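>
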Ligand code: ADP
């Protein structure tokens, strides 16, 4: 090897060494940035600020001169702060806290103006507390839902009292009439029959009230059995047979389906008989009522169709409310309590199902109970075709 060659070799080796060294150095210098960046932990003040911003309560801090020092968006939505100023009622409460007349104050901040921009909750209640150094905290909450529930409860109690008072009053008057006509057997018989009818109505009302309160207490049924839909239909029809015969109504029913649902058999029979009893009660004499069952898109459906008086569109949602009747006189004449459809609605809701209504005045109505199909019934079976006779 000559000197030129060995010099070239040394130069190449040196060049390679330098290049390799540079590479290693570079990769080392890159390593720290390749590691995940360590996140900055938010300070307590930042966390407090985030909590203040996102909490569901409307929060506002007021100074001793009534200036809004701090408030979140919810406080503006609930009307505690408007155009940067505190609600006068909230500020009056703050002053009471500041002058020491109360330690905390609760103030009603219901909207003063009915309309106005944006949607304001119907009921807002705020609590005011001192924060020291002349500052106060106003904490407001939307109470519309509890006010609505309370109003519903009050309505319900008023309705129940009214519904119970009517037959109780009638029984008293009729009993007096019986006493006054003790020597007239025919009149006694007539009044006693009426007493019997009123007491039956009272009994039905109390039974349905108890059923309804049980149903509304438990939103989902804890233990569901496997229930044969055909048995539910058979039993509901057996219960309605007497009323159907008395009204001269013919009930047709489709072929047994072999369908099963997960549920409470007694409740499902109650719901279906309520629908069948209504179909009979709101149909003219000699009309027909039909009951059919099928599986449709994951639902087991039991439908009750009548060719009766029908229900106007504006009443179709309301008929499921407790004590709502399109024609109170007709409902009372048929012994109705006004609770039947409310019970049906709750029974279905507790089964994870629903009740649907199609109706046209003068044509008739179809009420459909829809229950979630279980694994067995999910394979959409053909709905039974031919119709048979009631009571099957
Ligand atoms: P009711 O005891 O009065 O029948 P429901 O809760 O069962 O109480 O029904 C509420 C109201 O809905 C009834 O008073 C009646 O006006 C109307 N309704 C219910 N079912 C029918 C039907 N099949 N056809 C026409 N109207 C009906």
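Numbering (full-length UniProt numbering), first residue to last: 1 to 392. C-beta: ideal position from N, C-alpha, C; glycine also. This one's a predicted model, so the numbers in the text were calculated from it and none came from an experiment.
#1: Are the Cβ atoms of residue 236 and residue 199 separated by less than 9 Å?
#2: Could you please give the first and the last residue of the uninterrupted alpha helix (DSSP H) stretch that includes residue 146?
#3: Report the three-state DSSP secondary structure of residue 311 (helix, strand or coil).
#4: Should residue 133 be labelled buried (16 or more other beta-carbon atoms within 10 Å of its own) or exposed?
#5: What residue range does the beta strand (DSSP E) around residue 394 cover?
#6: Going by beta-carbon coordinates alone, are residue 357 and residue 326 separated by less than 9 Å?
#7: Please determine, among 166, 84, 91, 344, the residue with the shortest C-alpha to C-alpha distance to residue 201.
#8: Excluding sequence positions up to five away, which residues of its chain have a Cβ less than 8 Å from the Cβ of residue 372?
#9: Measure the C-alpha to C-alpha separation of residue 137 and residue 60 and round it to an integer number of angstroms.
#10: Look at residue 205 and residue 163 and say whether their C-beta atoms are less than 9 Å apart.
#11: Return yes when the C-beta of residue 225 is under 8 Å from any heavy atom of the ligand ADP, and no when it is not.
#12: Can you find at least 3 beta carbon pairs, one from the region 169-189 and one from the region 146-161, that sit closer than 8 Å?
#13: If you compare alpha carbons, which of 291, 92, 52 is closest to residue 75?
#14: If I measure Cβ to Cβ from residue 94 and keep anything under 6 Å in the same chain, skipping five residues before and after, which residues do I get?
#15: Considering only residues of the same chain and omitting the five flanking positions on each side of residue 110, which have a CB-CB separation below 8 Å?
#16: Suppose you measure from the CA of residue 91 to the CA of residue 97; what does that come to, to the nearest Å?
#17: If I measure Cβ to Cβ from residue 86 and keep anything under 8 Å in the same chain, skipping five residues before and after, which residues do I get?
#18: To which residues of the same chain is residue 27 closer than 6 Å at the C-beta, ignoring the five residues directly before and after it?
#19: Does residue 128 come out as helix, strand or coil in the three-state DSSP assignment?
#20: Going by C-alpha distance, which of 303, 265, 278, 365 is nearest residue 347?
#21: Pick out whichever of 143, 101, 239 has its Cα sitting closest to the Cα of residue 120.
#22: Can you list the alpha helix (DSSP H) stretches of 4 or more residues lying completely in the region 282-367, in chain order?
#23: Taking 8 Å as the cut-off, is the beta-carbon of residue 311 closer than that to any non-hydrogen atom of the ligand ADP?
#24: Smallest Cα separation from residue 271: which of 303, 203, 44?
#25: Using beta-carbon positions only, say whether residue 306 and residue 278 come within less than 9 Å of one another.
#26: Pick out whichever of 73, 126, 130 has its Cα sitting closest to the Cα of residue 101.
#27: Where does residue 190 sit, in a helix, a strand or coil, going by DSSP?
#28: Closer than 8 Å to a non-hydrogen atom of the ligand ADP - does that hold for the CB of residue 207?
#29: Are there any heavy atoms of the ligand ADP lying less than 8 Å away from the beta-carbon of residue 135, as far as the coordinates show?
#30: If you draw a straight line from the C-alpha of residue 223 to the C-alpha of residue 240, how long is it?
#31: Residue 141 bridges to which residues according to DSSP?
#32: Return the CA-CA distance between residue 140 and residue 57, expressed in angstroms with no decimal places.
#33: Just verifying my parser: in three-state terms, what is the DSSP assignment at residue 260?
To lay it out plainly:
#1: no
#2: 144-180
#3: coil
#4: exposed
#5: Nothing about residue 394 can be reported from this structure: the residues present for the chain run from 1 to 392 only.
#6: no
#7: 166
#8: 261, 262, 298, 299, 300, 351, 352, 353
#9: 6 Å
#10: yes
#11: no
#12: no
#13: 52
#14: 62, 128, 136
#15: 122, 123, 124
#16: 10 Å
#17: 60, 62, 66, 68, 80, 94, 138
#18: For residue 27, the predicted structure reports a pLDDT of 47, less than 50, and the residue's modelled location is therefore unreliable. A value from the coordinates is still provided. Same-chain partners within the cutoff: there are none.
#19: strand
#20: 265
#21: 143
#22: 328-333, 340-350
#23: yes
#24: 303
#25: yes
#26: 130
#27: helix
#28: no
#29: no
#30: 27 Å
#31: 125
#32: 6 Å
#33: strand
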